[in-house]
Every structure is written in structure tokens, then in C-alpha cells.
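Chains as they are written, first to last, in the numbering used here: chain E, 87 to 222; chain P, 87 to 222.
For each residue, glycine too, the CB sits at the ideal point set by N, CA and C.
In this text, all values refer to a predicted model and were calculated from it rather than measured experimentally.
One structure below.
2 protein chains.
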Amino acid sequence: MERQDLRDAGLKVTSPRLKVLGILEKSEERHLSAEGIYRLLLESGEELGLATVYRVLTQFEQAGLVSRHNFEGGTAVFELTDKAHHDHMVCLETGAVVEFCDERIEQIQRDIADRYGYTLEDHSLVLYVKPKRKPS
Amino acid sequence: MERQDLRDAGLKVTSPRLKVLGILEKSEERHLSAEGIYRLLLESGEELGLATVYRVLTQFEQAGLVSRHNFEGGTAVFELTDKAHHDHMVCLETGAVVEFCDERIEQIQRDIADRYGYTLEDHSLVLYVKPKRKPS
DNA sequence: ATGTATGCAAAACATTTGCACCTGG
DNA sequence: CCAGGTGCAAATGTTTTGCATACAT
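As C-alpha cells, then:
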């Protein structure tokens with residue numbers, strides 16, 4: 087029950103927070119912008135302010151409930167952090183987002199940070215791709 | 087001689103363009119924001135508009151002379167594209183930027199895109215790290 | 001009750017653009 | 001000369017913030 091997730095994060099269980107969580111869970115598009123979440127909610131008849139969506143998303147991010155990504159194009163997108171770690175592939179033609187995970191890359195990243203005297207805290211890997219052309 | 091790089095890109099050799107190129111070449115900090123480049127130029131007594139810096143950087147990017155990166159924090163940074171391909175490691179404590187390249191990762195990325203039916207066009211990999219704690 | 005959350009409008013940023021004026025080739 | 005470049009100010013798009021009101025506990 088998500089209400090508990092909110093309490094665990096020290097956040098009151100409020101209507102806007104439940105609505106935003108709800109959209110992130112139910113929408114078929116896993117990766118949504120603040121504006122996108124806002125519009126989906128308005129369209130389904132819910133009332134709330136865009137500023138609140140931003141505030142709620144920022145709090146969720148700090149609580150680890152959602153992850154924020156800055157793909158190309160100025161607008162951040164958010165997704166639930168309920169799945170295992172993964173990276174993203176963005177199709178430059180369709181905008182489709184594919185999630186993938188490769189343990190080899192994860193390991194190499196840790197090695198590289200270590201080699202330079204650092205500890206890996208986080209990373210961002212995005213592949214920008216185009217559909218493979220079928221041989222005609 | 088950089089003037090030729092500009093001509094090759096179909097760009098007139100103008101004073102603002104030479105100034106921006108000059109800063110990118112001479113500054114000890116390889117990764118600069120538009121605002122940063124602008125301020126460095128003003129400080130060294132050069133006159134030019136911030137809007138021009140943005141325009142020039144965008145043109146340079148399209149010409150392949152500079153690369154734009156979106157590290158965390160809303161502000162894009164630019165660097166000369168005169169070196170071989172590399173990725174970046176950003177220290178969360180000092181802001182230091184370390185460049186690295188790992189051919190294994192490059193290869194795995196191509197494989198992954200291919201496995202999903204795509205061709206890799208570009209990618210963005212940034213490691214966020216902290217200095218390793220010395221054992222006390 | 002009371003400390004938080006919210007909504008709205010305004011502010012803050014980074015970046016882009018319209019337009020009249022300049023300039024390189 | 002003239003297409004293209006520049007400066008300035010205004011516009012844009014995204015995200016944040018101040019403040020008065022409303023709500024969860």
C-alpha cells in the first residue's frame with residue numbers, strides 16, 4: 087500500500103501526492119514529465135496545481151520513490167524507482183524509451199571510478215539510437 | 087589555424103567566433119558553460135553579447151567543433167571536440183570533471199542497441215563519484 | 001491545534017528569437 | 001554591396017518560490 091511509502095518518507099498522505107503516485111503507477115508510459123503528469127491528471131478530472139506536481143516529484147525523488155532523468159530536450163522525466171536499476175535507450179526518431187541493464191557495464195564503471203581514486207555514487211547512461219534499417 | 091575550421095564549417099570568420107574559440111582553447115577549464123565563457127571574455131576586456139555566445143556555440147556544435155553536455159544542474163557545458171571520444175566522471179564534492187574512455191563499454195553499448203533492433207547514434211555516460219575515503 | 005501542504009501568481013533561470021544595425025568577403 | 005552576423009531587449013519554456021489559505025494528524 088503506497089500510503090505507507092509516503093509515511094515512511096516522512097510525508098503526509100495528501101490527495102495531490104496520491105494522485106501523482108497513482109498516475110506514475112497506472113500510466114502506460116513509464117517516463118513522464120511534470121507537465122505530462124499534470125495534464126494527465128487534469129484530463130482525468132483531477133484538480134491540482136502544476137507547482138504542486140513539481141514539489142511532490144522533488145520530494146519523491148529525495149525519498150527515493152522516483153528517479154529523475156534529463157534526456158535531451160530541456161524537460162526532465164520521472165519514473166517510479168520500484169524496479170531494479172536500469173539504464174535507458176531513447177529512439178531519436180520515435181522518442182520511444184527502452185530500459186536495459188547490463189551488469190558488465192555496471193562493473194566496469196565501478197572499476198573506472200576506483201582506478202581514478204573515486205567511489206561511484208551514481209551514474210547516468212543514455213543511448214541515443216535509430217531503428218536499424220532493414221536491408222532492402 | 088582555427089580560422090580555417092570556421093570557413094570549413096561555412097561560417098564567416100568574425101570576432102565573436104574567434105573569441106569564443108580562443109577561450110575554449112586557452113582556458114584551463116575544458117568544460118565551460120555559455121555564461122562562463124561570456125564572463126571570461128568580459129573579464130579579459132572583450133566585448134560581446136551573451137546571445138551571441140549561445141548562437142556561436144550552437145553553430146559550433148552543429149559543425150562538430152564543440153560538444154555540449156548536460157551534467158546535472160540545468161546548465162549545459164561545452165568543450166572542444168578536438169580530442170578522441172571520451173566520457174565524463176564528475177566529482178560530487180569538488181565538481182572536478184575527469185575524462186575517460188573505455189572501449190569495452192563502447193562495444194557493449196553497440197551490442198545492446200543492436201540486440202534491440204537499433205543502431206547506436208550517440209550516447210551520454212556520466213559517472214557521479216566521490217573521493218575514496220582513506221582508511222583511517 | 002499546529003505544523004505541513006497546497007494553489008496561485010510572480011520570480012528565477014537558461015536559452016532563444018525578432019529586429020535594426022553592423023561587417024566580412 | 002549584401003548575405004550573414006551581432007547586440008539588445010523581449011519572449012520562451014521549465015522549474016522554483018512567496019505567501020495566504022486549507023488540510024492531515
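query	result
Who are the neighbours of P:Arg190 on chain E, taking C-beta pairs under 9 Å?	Arg190, Ile191, Ile194
Using 8 Å as the threshold, is the C-beta distance between P:Val215 and P:Leu166 below it?	no
So which residues of chain P does E:Thr205 contact, with C-beta pairs closer than 9 Å?	Val215, Lys216, Pro217, Lys218, Arg219
Can you pull out the residues from the segment 131 to 164 of chain P whose beta carbon lies closer than 9 Å to at least one beta carbon of chain E?	Asn156, Phe157, Glu158, Gly160
Quick check: what's the CA-CA separation for P:Gly131 versus P:Gln145?	24 Å
P:Ala199 versus chain E: which residues are under 8 Å apart at the beta carbon?	Met175, Leu213, Val215
Of all Cβ atoms in chain E, is any one closer than 8 Å to the Cβ of P:Ser119?	no
Report yes if the C-beta of E:Asp197 is less than 7 Å from at least one heavy atom of the ligand PLP; otherwise report no.	No copy of the ligand PLP occurs in the structure displayed, which carries no ligand at all.
Between which two residues does the alpha helix (DSSP H) carrying P:Val99 extend?	From DSSP, P:Val99 is part of no alpha helix (DSSP H); its letter is neither H nor E.
Just to confirm the assignment, what range does the beta strand (DSSP E) spanning E:Thr68 have?	Residue 68 of chain E falls outside the range modelled here, since chain E spans only 87 to 222, and no answer is possible.
Out of E:His117, E:Glu115, E:Gly96, E:Gly135, state which residue places its alpha-carbon closest to the alpha-carbon of E:Lys105.	E:Gly135
Alpha carbon to alpha carbon, what distance is there between E:Pro102 and E:His174?	28 Å
Report yes or no: do the segment 152 to 171 of chain P and the segment 115 to 124 of chain P share at least 3 C-beta pairs separated by less than 8 Å?	yes
What whole-angstrom Cβ distance do E:Val212 and P:Ser210 have, given they're in contact under 8 Å?	5 Å
Please go through the same chain and pick out, in chain order, the residues whose beta-carbon is closer than 6 Å to the beta-carbon of P:Ala95, but skip the five residues on each side of it.	Ala149
Measure from the C-beta of E:His171 to each C-beta in chain P and report whether the shortest distance is under 8 Å.	no
Do you know how far the Cα of E:Gly160 is from the Cα of E:Ile194?	29 Å
From the DSSP output, read off the bridge partner residues of E:Arg154.	E:Phe164
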